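Comments concern the structure below.
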Amino acid sequence: MSGKPDLSLPARAPSMAHYRDEPECRLPIALYSLVDLTDAELEDYQRECETGCIDTGNKQGTCVRLAPQSRFIGQSLRAVFDYHIDLAAQKTFEPFYFIAAVEKDWQTKGVILVTLDDDDGDCNVGLFRIKAVDSGLTVINLQIWNMEWEEAKEYYEFNSDDDGGDDDDDIESDENEKDNEVDNDD
Numbered sequence: 010m011s012g013k014p015d016l017s018l019p020a021r022a023p024s025m026a027h028y029r030d031e032p033e034c035r036l037p038i039a040l041y042s043l044v045d046l047t048d049a050e051l052e053d054y055q056r057e058c059e060t061g062c063i064d065t066g067n068k069q070g071t072c073v074r075l076a077p078q079s080r081f082i083g084q085s086l087r088a089v090f091d092y093h094i095d096l097a098a099q100k101t102f103e104p105f106y107f108i109a110a111v112e113k114d115w116q117t118k119g120v121i122l123v124t125l126d127d128d129d130g131d132c133n134v135g136l137f138r139i140k141a142v143d144s145g146l147t148v149i150n151l152q153i154w155n156m157e158w159e160e161a162k163e164y165y166e167f168n169s170d171d172d173g174g175d176d177d178d179d180i181e182s183d184e185n186e187k188d189n190e191v192d193n194d195d
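Its first residue numbered 10, the sequence shown is counted upward by one per residue in the working numbering.
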């Protein structure tokens, strides 16, 4: 993947609204990669993202886990977004948040934390770059309402030295075709 990764996402994810009415259940956060990582590198990625969770007494793999389809090599973050919406229906992963490695050197450049429903409750999509070591525990804190999305973004947003600015959180507004196709009245 050459150049900057395509991080554009729709502004909203209305198909996620019905998950707000379900009983709270802390499911693991799905990990994805837009870059070609070996199996060993994916394990390192997962281990780094769940460090804070393990440090607070959680068992390995219970807070952060690779999604069944975790590799989206050379694809846009939108491809992950669309897949994650489908994955949420299985109720095996956290529906509102996911983490993505979008650059091969994620250890120094950070990872992308995505929400499909920020604190406004209107299924507004948001993202920011965060150090991998902070990502898993940050989502846990969001899940248990220990912090709000904007607070997490303000505290943990990370800009790598050669990132060229803070344009990673620019979200292009487009319609999610899956949101247009799904009938959420079931």
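Cβ atoms here follow ideal geometry from the backbone N, Cα and C, with glycine treated the same way.
Here the structure is a predicted model, which is why all the values come from computation and not from measurement.
| Check whether residue 18 and residue 74 have beta carbons under 8 Å apart | no
| field | residue 171 in three-state terms, based on DSSP | value | Confidence in residue 171 is poor, its pLDDT being 47 and thus under 50, which makes the residue's placement unreliable; the coordinate value appears in the next sentence. Note: residue 171 maps to coil in three-state DSSP.
| message | Please list the terminal residues of the continuous beta strand (DSSP E) segment that includes residue 21. | response | Neither: residue 21 is in no beta strand (DSSP E) and is coded neither H nor E.
| message | Contact between the segment 54-62 and the segment 87-99 is defined here as three or more beta-carbon pairs at a separation below 8 Å; is this criterion met? | response | no
| query | Helix or strand or just coil, what does DSSP make of residue 39? | reply | Of the three classes helix, strand and coil, the one that applies to residue 39 here is strand, per DSSP.
| query | Counting Cβ pairs, one atom from each stretch, are 3 or more of them under 8 Å apart for the segment 71-85 and the segment 113-130? | reply | The segment 71-85 vs the segment 113-130: no contact.
| task | Pull up the CB-CB distance for residue 46 and residue 110, whole angstroms please, since I reckon it's below 8 Å. | result | 7 Å
| query | Would you report the Cα separation of residue 159 and residue 50, rounded to the nearest angstrom? | reply | 30 Å
| query | Taking just the CA atoms, how far does residue 112 sit from residue 13? | reply | 8 Å
| In whole angstroms, what is the alpha-carbon distance linking residue 157 and residue 144? | If you draw a straight line from the Cα of residue 157 to the Cα of residue 144, it comes to about 14 Å.
| query | With distances taken between CB atoms, is the gap from residue 7 to residue 125 smaller than 8 Å? | reply | Residue 7 is absent from the structure shown; the chain starts at 10 and stops at 195.
| Beta-carbon spacing of residue 161, residue 151 below 8 Å | yes
| said: What residue range does the alpha helix (DSSP H) around residue 142 cover? | reply: 141-152
| task | Put residue 135 into one of helix, strand or coil per three-state DSSP. | result | strand
| request: Give the range of the beta strand (DSSP E) segment to which residue 78 is assigned. | output: 73-80
| query | Going along the chain, which residues of its own chain have a beta-carbon closer than 8 Å to the beta-carbon of residue 82, five neighbours each way excluded? | reply | 10, 42, 43, 44 and 45
| request: Name the one or two DSSP bridge partners that residue 124 has. | output: Under DSSP, residue 124 shares a beta bridge with 106 and 135.
| query | If you draw a straight line from the C-alpha of residue 118 to the C-alpha of residue 169, how long is it? | reply | 5 Å
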